[in-house]
Amino acid sequence: MNILGIETSCDETAAAVVKDGVEVVSNVVYTQIPLHRPYGGVVPEIASRAHIEKIPEVVGAAIKQFAARRPGERVDAVAVTYGPGLSPALIVGLNAAKGLALSLGVPLIGVNHIEAHLHTPFLYEESVEGAPQVPGLSPMGAVPALGLAVSGGHTNWIDLGSYGNYETIGQTLDDAAGEAFDKASKLLGLGYPGGPKLDKISREYLATHGKTNLVPFPKGRPREGVTALAGLPAELCVSFSGLKTALLHYVQTAGGAAKLSETGEIPRVVASYQEAIVQAIADRTRTALKRKRYKSFIVGGGVSLNSRLRTVLADVAAQAGVPLLLAKPKFCGDNGAMIAGLAYFRRKYTGEAALALDVAPSLEVG
């Protein structure tokens, strides 16, 4: 079954065709980073306009690639992210998907963006790579699993009791990890997006100096009683607001980001800040892996590209005796392939139900 997936939840306009839930036949992504860089973050109105301008081109390219690689085959369904995300951006993708589904006479499948990130380790391009990352391990064979969706907008620990059956067991109570990276980068004068820059600076610093002289930033523990509002156990939740405040105070006390740059302190501060985030995530993951016996630990989302996080989570998984499943770099960020892939396992909406599907900017897992 060939499914066309469309993703427009934030600042990537993406479309892909995936066969039988795992084989990526075509994959096209247009990133809006240059448009948002001057503002230090994503501007919803700009994102929406860019999606409107680019979605015909992106979807057309994905379908053209599919037709060239699979002559004689057809698109059997259209899948689309309907939440969570930026409402103006989601609307563009959903309307395009509805139009395509109706014109092609195929079902429409609504997909949860966070859940789709946890499908990415199972995606592969057979024509290029030959085989999945973990030969013989299908999505159905990986559960029960612990999932970690970690990106610019989300940091969630998710229990996958069976494939398609999700329950959030822990999460950030304020900023997501990726957002915490971006805000730190802006504060330190390093620009947007911050994640890749902080990763590179930190990697170089740790390779030379190790972890013996890091700034003791707080490790993301939420204030007592706050987690009760989310209805989740404190030991599985993180809060990066205190960490950001600690960084702000450190920079101010030092005389500002320019002064830190003059004295060569930026790399040490960056490595310390990143390590605090990574260890906070690792700590909650260790706790989550002890809750029950899992067959795998699935990690997805843009922040899963972070080299230090990958190394630490690999150690955590090994200590727990659980295989770590990570997406290939090209599938870590937002993409249409993860939407089309997960859609293969999800409910199909046809006729009036498809037309009635609406965006859900605050859509929860499950």
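Residue numbering for the sequence shown follows the numbering used here, beginning at 725 and increasing consecutively. Where is the CB? At the ideal position from N, CA and C, for every residue including glycine.
Please say whether residue j and residue i have beta carbons closer to each other than 8 Å?
i, j, result
"L1048", "L1066", "no"
"L810", "W881", "no"
"T732", "H775", "yes"
"V1089", "L1050", "no"
"A904", "L814", "no"
"V782", "T737", "yes"
"Y1018", "A908", "no"
"P808", "P1085", "yes"
"F1055", "A1041", "no"
"V1027", "G902", "yes"
"A1012", "I833", "no"
"A821", "I727", "no"
"Y974", "V1002", "no"
Assign residue i to one of two classes, buried (16 or more other C-beta atoms within 10 Å of its C-beta) or exposed (fewer than that).
i, result
"L972", "exposed"
"D1082", "exposed"
"G1025", "buried"
"N937", "exposed"
"G860", "Note that G860 has pLDDT 47, beneath the 50 cutoff, so the model's placement of it is unreliable and no number is given."
"P917", "buried"
"L1071", "Sequence check: residue 1071 is Arg here, not Leu. Its Cβ having fewer than 16 others within 10 Å, R1071 is exposed."
"L1079", "exposed"
"A1077", "exposed"
"T932", "exposed"
"D1039", "exposed"
"P863", "buried"
"M725", "exposed"
"S963", "buried"
"I838", "buried"
"S886", "exposed"
"Y763", "exposed"
"K788", "exposed"
Between residue i and residue j, how many whole angstroms is the CB-CB distance? I'm expecting something under 8 Å.
i, j, result
"A1000", "F941", "4 Å"
"G817", "V804", "5 Å"
"L930", "A995", "6 Å"
"R798", "S750", "So it is not a contact: roughly 14 Å between Cβ atoms."
"V830", "A785", "Going by Cβ atoms, the distance from V830 to A785 rounds to 19 Å, so no, they are not a contact pair."
Give the list of continuous alpha helix (DSSP H) stretches no shorter than 4 residues that lie fully inside the segment 914–978. 919–933, 951–954, 965–977
At 3 residues or longer, and completely inside the segment 812–854: list those beta strand (DSSP E) runs for me, N to C. 832–836
Measuring CB atoms only, is the segment 925–934 touching the segment 985–998, in the sense that at least three cross pairs come out at less than 8 Å? yes
Using 8 Å as the cut-off, can you tell me whether the segment 740–754 makes contact with the segment 891–898, which would need three or more C-beta pairs spanning the two stretches below that distance? no
Below 8 Å, how does it come out for the segment 1057–1065 and the segment 877–891: are there three or more Cβ pairs, yes or no? As far as the Cβ criterion goes, the segment 1057–1065 does not touch the segment 877–891, which means the pair count is below three.
Quick one: which unbroken alpha helix (DSSP H) runs of 4-plus residues sit fully inside the segment 1047–1078? Chain order, please. If only uninterrupted alpha helix (DSSP H) runs of at least 4 residues are considered, those enclosed by the segment 1047–1078 are 1060–1067.
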